[in-house]
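Those sequence lines, one after another, are chains A and B. Take the first sequence: its position 20, counted from the start at 1, is 6 in the numbering used here, and no numbers get skipped. Take the second sequence: its position 136, counted from the start at 1, is 380 in the numbering used here, and no numbers get skipped. Below you'll find the structure, written out as C-alpha cells, and then a few comments.
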Amino acid sequence: MNRSGRFGQRLAGLLDLPRHLVMNVPYIAITGGAQVVVENHRGLRHCYPDRIVVGATGGQVTIRGEDLVVAVVTKDELMVCGRIREVTLE
Amino acid sequence: MLTLRLWYYVTGYLEIRIHGPGLEEFVNCALARGLFLWRVRRDGDTLLARVGLGAFPQLWPLAKKTSCRLRLAGKYGLPFVWRHLRRRRLLPVAAMGVAIAIFVFTRFIWLVEVTGAKQVSPYRVLEVAAGLGLQPGVPRHMLDLKDIEHRLVLDVPGISWAKVRLQGIRAIIDIVEKVQPPLPYQPVGPGDIVASRDGIVSKLLVLAGEPAVREGQTVTAGQLLIRGVLGGHGIGYGQARGQVKARVWYQAYCEVPYRQLITNRTGRSWVREVVAWLDREIIWKGREEVPFEEYEVFTNRRTLPSWRNIRAPVELITYTYYELQWIEVQISPEEALQRARENAEASVRGRLPPGAEPGELVIEVIAGSQTVGVRATLAAVEEIGSFRPAGPP
Chain A
-13 MNRSGRFGQR LAGLLDLPRH LVMNVPYIAI TGGAQVVVEN HRGLRHCYPD RIVVGATGGQ
47 VTIRGEDLVV AVVTKDELMV CGRIREVTLE
Chain B
245 MLTLRLWYYV TGYLEIRIHG PGLEEFVNCA LARGLFLWRV RRDGDTLLAR VGLGAFPQLW
305 PLAKKTSCRL RLAGKYGLPF VWRHLRRRRL LPVAAMGVAI AIFVFTRFIW LVEVTGAKQV
365 SPYRVLEVAA GLGLQPGVPR HMLDLKDIEH RLVLDVPGIS WAKVRLQGIR AIIDIVEKVQ
425 PPLPYQPVGP GDIVASRDGI VSKLLVLAGE PAVREGQTVT AGQLLIRGVL GGHGIGYGQA
485 RGQVKARVWY QAYCEVPYRQ LITNRTGRSW VREVVAWLDR EIIWKGREEV PFEEYEVFTN
545 RRTLPSWRNI RAPVELITYT YYELQWIEVQ ISPEEALQRA RENAEASVRG RLPPGAEPGE
605 LVIEVIAGSQ TVGVRATLAA VEEIGSFRPA GPP
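Right, here's the structure in full:
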C-alpha cells in the first residue's frame, strides 16, 4: 500500500468513514444468490454466462454462477444478476 | 433503477450486438465516456448490450478504436412504438372507435334483474318495469328511477317497497314483498262444534248456532257443544261458531328407585386420531377397535386458523374414549322424592297446549319399599271446542 493509501486507511479509522470511499477499494454487496453489486470497479475484464471478472484496485473480483448478466454498468457501479455461486476477490 | 429504465423506455433504447476481439475493452471505453449500458451478456462470440438512443452515435468511434463491429439487434421504447403506430394509421382509429363504442354502449341498460321476489313473480315485475320504460336497450339518462320505483309499488300487487339501482349496464330492481297477516281458520260449510277432550265447561260463548251444553257441565271428548242450526229453531242447518272453554286436568307420574345404577369413568382411556379432509376421515392413529365395552367419547377438533370466510378444508380430530363402568348408588328418600316431584311436574307442565291457563297443581306421593312415585295433577282452563263439518244428509 502506498503512502496515500495508508493515510486514507488511518483517516477512515479515525473519523469512522466508509473505507471504500476514502481508500478507493471495491465495495461488494451480495443479495442472496441472485445479485452482486460492485462499486469502485475498474472495468469489465471478462463476461461469460458462467463467469464475470471485474477489475478492482489491486486485483479483480470474479463472480461465478449460471446465466450471469451484467444488469447495469456505469463508471462507478456494476451490477451482476443470475444464479450466483461464488464471489472471489483476488 | 426503475426510474432510469422507465426513462429509457420513454426516450427509446437499442440492443446492440458487438463483434470483435476486444469486447470487454469496448464496454470499458463506453463507460469511460460516461455512457450507461445495461443487460450486457455474452451470446456466443458476441456481446449483447442495451444503450440509450442518444448514446448510440457515440459508440461508433469507440467501435473503430477497439476494432469491434456493431450491429443493431433490437429497437425498443415509446418512439419506436409510436413510429409503428404512425405507419398503421388505422390502428389508432380502430382503438379510438372501440373506446367510443364502449363508452356509448355503457350509456345504455342491457340487463334488468329482480332481487327479493319470493311470492311475486319476477317476470311480472320485469313486465311492469318494461311498461314503465325500464328494459334492455334504454339509455340510462332517460330513466326516472324515483317514478319507476313509485309506479312499481302501485302497479305490482304484493310489493310494499321497490328500489332501482343502476350498476354499469345492469339495472337491479330490489323489491320487498308485503307480509300478509295469517288468516284465521274459517271453516266453510255447515257443521257443529264438539269437544276435543274431556272437561268441565267453564265458559260458553255462542256466536252462531244453538248451545248443546251449559256452563258447569261435564263433557267428554267428541260430545256436541254447539249445534249448527240457523235461526235458533232448527229452520236449517248452518255453521256453528263460538268459544267453549273448559277446565281440564293433566296427569303425569314419575317413579324414582332408591338404588340406582349410574355410569362412572374407570380412569382408562384410549385415543384415536383422525385427519378429516372435506367429508372423508382418514384414521391416523388408533386404527383398531375401541377396547372398551362401555365408553363415552370426547371429541376435540383442531383446525388451521381461518381468515375472513376462508377455512382450511382439513382438520385433525382427536377422539378420546373413556371407559365406563356401572355402579350402584343409594340415594336418600328425600332426594328420590325431590327428583320424582321435579320430573313429574316438568312432565305435566310440558303437556299443556299453548294458550291454556294453568291452575292448581296437586302432588300425590306413593312411597314404596324400593321406589318413591309422584303423581302430579294439573288443572287448566283451555279452549276445547273444535269444528266438525256436517256429514252428508
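Every residue, glycine too, gets a C-beta built ideally from N, C-alpha and C.
Practice task
Kindly indicate if chain A contains any beta-carbon less than 8 Å away from that of residue 268 of chain B.
Solution key: yes
Handout entry: Residue span of the beta strand (DSSP E) that contains residue 33 of chain A, given as start and end
Key = 30 to 34
Exercise for the section: Starting from residue 282 of chain B, find everything on chain A with Cβ-Cβ shorter than 8 Å and list it in chain order. Expected result: 56, 57, 58, 59
Exercise for the section: Can you give me the start and stop residues for the alpha helix (DSSP H) that residue 272 of chain B sits inside? Expected result: 267 to 276
Handout entry: Limits of the unbroken beta strand (DSSP E) element including residue 344 of chain B
Key = Segment 334 to 349 is the alpha helix (DSSP H) holding residue 344 of chain B; no beta strand (DSSP E) there.
Practice task
Note down the Cα distance separating residue 568 of chain B from residue 540 of chain B, rounded to an integer number of angstroms.
Solution key: 7 Å
Problem - chain A contact for residue 291 of chain B (CB, 8 Å cutoff) - result: yes
Practice task
For residue 600 of chain B, I'd like the list of residues in its chain whose CB is within less than 6 Å of its CB, leaving aside the five on either flank, ordered along the chain.
Solution key: 624, 626
Practice task
Output, in chain order, the set of chain A residues within a Cβ distance shorter than 8 Å of residue 245 of chain B.
Solution key: 58
Handout entry: residue 296 of chain B beta carbon less than 8 Å from that of residue 255 of chain B
Key = yes
Handout entry: Other residues of its chain near residue 633 of chain B: CB distance less than 8 Å, five sequence neighbours each side excluded
Key = 431, 433, 434, 435
Practice task
Could you pull out every unbroken beta strand (DSSP E) segment of at least 3 residues lying fully inside the segment 383 to 461 of chain B, listed in chain order?
Solution key: 403 to 411, 414 to 421, 435 to 439, 443 to 452
Handout entry: Cα-Cα separation, residue 313 of chain B to residue 303 of chain B
Key = 10 Å
Handout entry: Chain-ordered chain A contacts of residue 271 of chain B [CB-CB under 9 Å]
Key = 29, 30, 33, 56, 59
Handout entry: Spatial distance of residue 258 of chain B from residue 59 of chain A (CA atoms)
Key = 16 Å
Exercise for the section: Compute the distance between the beta-carbons of residue 583 of chain B and residue 500 of chain B, then report whether it is under 8 Å. Expected result: yes
Exercise for the section: Measuring alpha carbon to alpha carbon, tell me which of B:404, B:589, B:531, B:590 ends up nearest residue 363 of chain B. Expected result: B:404
Handout entry: Delimiting residues of the beta strand (DSSP E) encompassing residue 618 of chain B
Key = 615 to 627
Handout entry: Local Cβ density within 10 Å of residue 386 of chain B, reported as buried at 16 or more and exposed below that
Key = exposed
Practice task
Compare the C-beta of residue 381 of chain B against all C-beta atoms of chain A and say whether one is closer than 8 Å.
Solution key: no
Handout entry: Assigned exposure category for residue 282 of chain B - 16 Cβ within 10 Å defines buried
Key = buried
Exercise for the section: Since I believe residue 70 of chain A is in contact with residue -2 of chain A (beta carbons under 8 Å), could you give me their beta-carbon distance rounded to a whole number of angstroms? Expected result: Rounded, the Cβ-Cβ distance is 28 Å, inconsistent with contact.
Problem - Limits of the unbroken beta strand (DSSP E) element including residue 521 of chain B - result: 503 to 521
Practice task
Determine the contact status of residue 39 of chain A and residue 31 of chain A, defining contact as a CB-CB distance below 8 Å.
Solution key: yes
Practice task
Provide the residue(s) that pair with residue 524 of chain B in DSSP beta bridges, ordered along the chain.
Solution key: B:521
Practice task
Quick one: grab the DSSP three-state call for residue 263 of chain B.
Solution key: strand
Exercise for the section: Taking residue 497 of chain B as the reference, give the member of B:534, B:585, B:384, B:465 with the closest Cα. Expected result: B:585
Practice task
Count the CB pairs spanning the segment 603 to 622 of chain B and the segment 452 to 460 of chain B that are closer than 8 Å, and state whether there are at least three.
Solution key: no
Practice task
Take residue 534 of chain B as the anchor and find which of B:588, B:253, B:316, B:514 has the nearest alpha-carbon.
Solution key: B:514
Problem - Selection from B:247, B:400, B:520, B:593 that minimises the alpha carbon distance to residue 563 of chain B - result: B:520
Exercise for the section: Flag this pair as yes or no: are the beta carbons of residue 459 of chain B and residue 446 of chain B separated by less than 8 Å? Expected result: yes
Exercise for the section: Please name the residue, chosen from B:524, B:505, B:559, B:613, that lies closest to residue 574 of chain B on a Cα-to-Cα basis. Expected result: B:505
Handout entry: Nearest-angstrom Cα separation, counted from residue 380 of chain B out to residue 360 of chain B
Key = 20 Å
Exercise for the section: Indicate the three-state DSSP secondary structure (helix, strand or coil) for residue 542 of chain B in the structure shown. Expected result: strand
Exercise for the section: Measure the alpha-carbon distance for residue 271 of chain B versus residue 52 of chain A and round it to whole angstroms. Expected result: 21 Å
Handout entry: For residue 483 of chain B, the three-state DSSP class (helix, strand or coil)
Key = strand
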